[in-house]
Every structure is written in structure tokens, then in C-alpha cells.
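Participant: If you read the sequence shown in this note's numbering, its first letter stands for residue 121, the second for the next number, and so on.
Even glycine gets a Cβ: it sits at the ideal position worked out from N, Cα and C.
All values derive from a computational prediction rather than experimental measurement.
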Amino acid sequence: MEILIGGAWPYANGSLHLGHIAALLPGDILARYFRQKGEDVLYVSGSDCNGTPISIRANQENTTVKAIADYYHNEFVDSFRKLGFSYDLYTRTDDEHHHKSVQKIFLTLLENGFLYKKKIEQAYCAVDTQFLPDRFVEGVCPNCGTKARGDQCDNCSTILDPLDLLEKRCKICGDEPEIRETEHFYFSFSKFQTKLESYVAKAALEKRWRDNAIGLTNRYLAEGVPDRAVTRDLPNGIDVPVPGFEGKKFSYGLKR
């Protein structure tokens with residue numbers, strides 16, 4: 121039997137901690153178990169070197185994204201080696217092969233009708249002269265009133281858009297952002313609403329998921345599966361291979 125095990129990709133913006141290891145260790149245990157059974161196992165993961173957190177860290181330290189990514193990627197590799205993790209491949213998202221693979225997947229999704237263009241309003245910082253996707257914006261969650269990032273609220277688990285936040289501020293300089301128009305590609309997650317509902321119902325019936333996982337997933341499904349942007353306005357990352365989208369990069373959901 122051929123078995124693919126994909127470990128979560130840690131952001132290369134800070135050292136690993138016990139939370140990372142706790143999440144990754146089960147995958148390593150499974151890989152070892154199935155190898156001992158004689159199965160054909162491919163166990164892969166890597167460092168996310170293009171994510172928003174890396175860009176924010178680079179801005180805070182007045183250095184480049186590559187310098188931050190290189191430092192922490194090398195630290196991750198050394199840590200996993202010392203801990204005895206058995207990855208068949210541990211790579212990084214700024215690798216040339218990874219870039220080409222993501223672009224190929226994007227073009228396939230576009231060809232098959234799962235992507236569409238959409239003009240939207242987005243936060244823009246006039247001080248830093250750049251758009252502010254997801255974690256580049258911080259503010260107050262409109263659902264529970266606690267401090268939240270532009271992609272989600274850790275307190276109430278609400279998935280957010282930066283414009284949903286109250287009291288919005290640029291993560292880089294702290295100024296209140298402007299609202300400007302831009303255009304992005306969106307993935308049609310809503311097309312999979314019915315299939316996802318059936319999948320989760322079956323998982324619950326067969327008791328393959330924990331109750332809290334079932335409950336949280338059903339909450340998201342009840343709210344409706346939103347289409348999500350797969351591109352963003354950032355200077356670093358994987359280029360979008362479509363005319364008119366020069367300078368735009370892929371968001372974390374597609375590049376991983």
C-alpha cells in the first residue's frame with residue numbers, strides 16, 4: 121500500500137516550540153509504524169518561507185525575508201535531526217521546484233473552473249505603501265470583542281477578513297489603513313459545501329473524529345463555506361503566472 125503522510129509546515133519566523141512538536145509527532149509515529157509493516161511510505165513536510173508572519177518578522181528586524189527564512193529553516197532542520205524525525209523529504213516553500221509545482225496546480229485549477237477573478241476592497245497602508253493581507257492587519261474581533269488578526273480570531277475561532285475587524289491597525293507601523301480596490305483569484309470552496317457536509321456526517325457516524333472537531337467543523341459548515349482568495353498583494357512569494365497579475369503572489373492556502 122502506498123501511503124502519503126504530510127506534516128504541517130511551520131512558519132520560518134521563530135523557533136520551534138512544544139506545540140509544533142506535539143502536532144508533528146503523530147505523523148512521524150505513523151510513518152515509522154507503516155514502514156515497519158512493509159508499506160511504501162512517503163513522509164514529507166517543509167518550512168513555510170513565504171508566509172505573512174515571515175514578512176512581519178523581517179520588517180520588525182529591519183532585514184530581508186530571505187535572511188529570516190534561511191535562519192529559521194536551518195534551525196528547524198537541525199532540530200528535527202536532533203529529535204530523530206524520519207522525514208523522507210523536508211523542503212521549503214521558496215524552493216524552485218516548489219514554486220513551479222504550485223504554479224502548475226494553479227493553472228490546472230483555473231483550467232477546470234475552480235478559480236475566478238474578483239475585484240475587492242482591501243486594507244492599504246499609505247505609510248508602508250503596500251496592501252495589507254490577513255495578518256498584516258490587527259484589530260478587534262466583531263464577534264467576541266477581543267484582539268484578533270486579520271485572518272482569524274484565536275479566542276472564538278471565527279474566520280475573518282481584515283476588513284471585518286474593528287479598530288483596524290497596520291501590523292508594521294500601527295497606523296489606521298486606507299481601503300483601496302484590488303483584484304484577486306478566488307477558489308470556489310462553496311462548490312464543495314454538500315460534499316463536505318456528507319464527509320463530516322460520515323466521520324461522525326463512524327466516530328473517526330473527536331466530538332470537538334465535529335462540532336467546530338459543523339459550525340463552519342452551518343455558516344456556509346466561503347470562497348477564499350488564493351492570491352494577494354505582497355512583494356515576496358510565488359508569482360501568479362497569469363498576465364495582468366504581475367507582482368501578485370499566492371496565499372498560504374495554495375502555496376502549501
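1) Could you give the first and the last residue of the continuous alpha helix (DSSP H) run that contains residue 257?
2) Would DSSP call residue 330 helix, strand or coil?
3) Bridge partners for residue 307 per DSSP, in chain order?
4) How about residue 297 and residue 244: are their beta carbons less than 9 Å apart?
5) Please classify residue 175: does DSSP put it in a helix, a strand, or coil?
6) Considering Cα atoms alone, identify which of 344, 291, 305 and 134 is closest to residue 239.
7) Look at the Cβ atom of residue 215, then the Cβ atom of residue 166, and state whether they are nearer than 9 Å.
8) Judging by CA-CA distance, which residue of 156, 147 and 160 is the nearest neighbour of residue 425?
9) Going by other Cβ atoms of all chains shown within 10 Å of its Cβ, with 16 needed for buried, is residue 386 buried or exposed?
10) I'd like to know whether the C-beta atoms of residue 201 and residue 132 end up nearer to each other than 9 Å.
11) Exposed or buried, which one is residue 236 when buried takes at least 16 other CB atoms within 10 Å?
12) So, with DSSP's three-state summary, where would you put residue 319?
13) May I have a chain-ordered list of the beta strand (DSSP E) segments no shorter than 3 residues that lie completely inside the region 150-230?
14) If distances are taken between C-alpha atoms only, which option among 181, 204, 135 and 138 comes closest to residue 151?
15) At which residue ranges does the region 276-308 contain complete beta strand (DSSP E) runs of 3 or more residues, listed in the order of the chain?
16) Look at residue 353 and residue 253 and say whether their C-beta atoms are less than 9 Å apart.
17) Pick from 265, 294, 358 and 272: whose alpha carbon is nearest that of residue 247?
18) So, does the region 190-198 touch the region 124-143, judging by three or more C-beta pairs under 8 Å?
19) Let me check understanding here. Comparing Cα to Cα, which of 141, 234, 129 and 180 lies closest to residue 209?
20) I'd like the list of long-range same chain contacts for residue 169, defined as Cβ closer than 7 Å, with 5 residues on each side in sequence excluded.
21) So the beta strand (DSSP E) residue 124 belongs to, where does it begin and stop?
22) Please state if the CB of residue 175 and the CB of residue 356 are separated by a distance shorter than 9 Å.
23) Applying the 10 Å Cβ sphere with the 16-neighbour rule, what's the burial state of residue 344?
24) According to DSSP, is residue 143 helix, strand or coil?
25) With residue 334 and residue 349 assumed to form a contact (beta carbons below 8 Å), what rounded beta-carbon distance in angstroms separates them?
26) Are residue 283 and residue 258 touching if we call contact CB-CB under 9 Å?
Facilitator: Once the coordinates are examined:
1) From DSSP, residue 257 is part of no alpha helix (DSSP H) but of the beta strand (DSSP E) over 257-260.
2) Residue state, collapsed to three classes: coil.
3) When DSSP reads this structure, residue 307 sits in a beta bridge with 235 and 348.
4) Yes.
5) In the structure shown, residue 175 sits in a helix (DSSP, three-state: H, G or I).
6) Shortest Cα-Cα distance from residue 239 to any of 344, 291, 305 and 134 involves 305.
7) Annotated as proximal: residue 215 and residue 166, with beta-carbon spacing under 9 Å.
8) Residue 425 lies beyond the residue range present for the chain, which begins at 121 and ends at 376; the question has no answer from this structure.
9) No statement about residue 386 is possible, as the shown extent of the chain runs from 121 to 376 and does not include it.
10) Taking 9 Å as the Cβ cut-off, residue 201 and residue 132 do not qualify as a contacting pair.
11) By the beta-carbon neighbour count (other beta carbons within 10 angstroms, threshold 16), residue 236 is exposed.
12) Residue 319 falls in the helix class under three-state DSSP.
13) Taking only runs of at least 3 residues, the beta strand (DSSP E) segments lying wholly in the region 150-230 are 160-167 and 209-212.
14) The shortest Cα separation from residue 151 among 181, 204, 135 and 138 belongs to 204.
15) Taking only runs of at least 3 residues, the beta strand (DSSP E) segments lying wholly in the region 276-308 are 286-290 and 298-307.
16) Residue 253 is positioned such that its CB atom lies closer than 9 Å to that of residue 353.
17) The shortest Cα separation from residue 247 among 265, 294, 358 and 272 belongs to 294.
18) Output reads yes: the region 124-143 touches the region 190-198.
19) Minimum Cα distance to residue 209 is reached at 129.
20) The residues 132, 189, 193, 212, 213 and 214, in chain order, have a CB closer than 7 Å to that of residue 169 in the same chain once the five nearest residues on each side in sequence are set aside.
21) Segment 122-126, the beta strand (DSSP E) holding residue 124.
22) In terms of Cβ geometry, residue 356 and residue 175 form a close pair [threshold 9 Å].
23) Looking at its Cβ environment, which holds fewer than 16 other Cβ atoms inside 10 Å, residue 344 is exposed.
24) For residue 143, the three-state secondary structure derived from DSSP is helix.
25) 28 Å between Cβ atoms; not a contact.
26) Contact flag unset, no.
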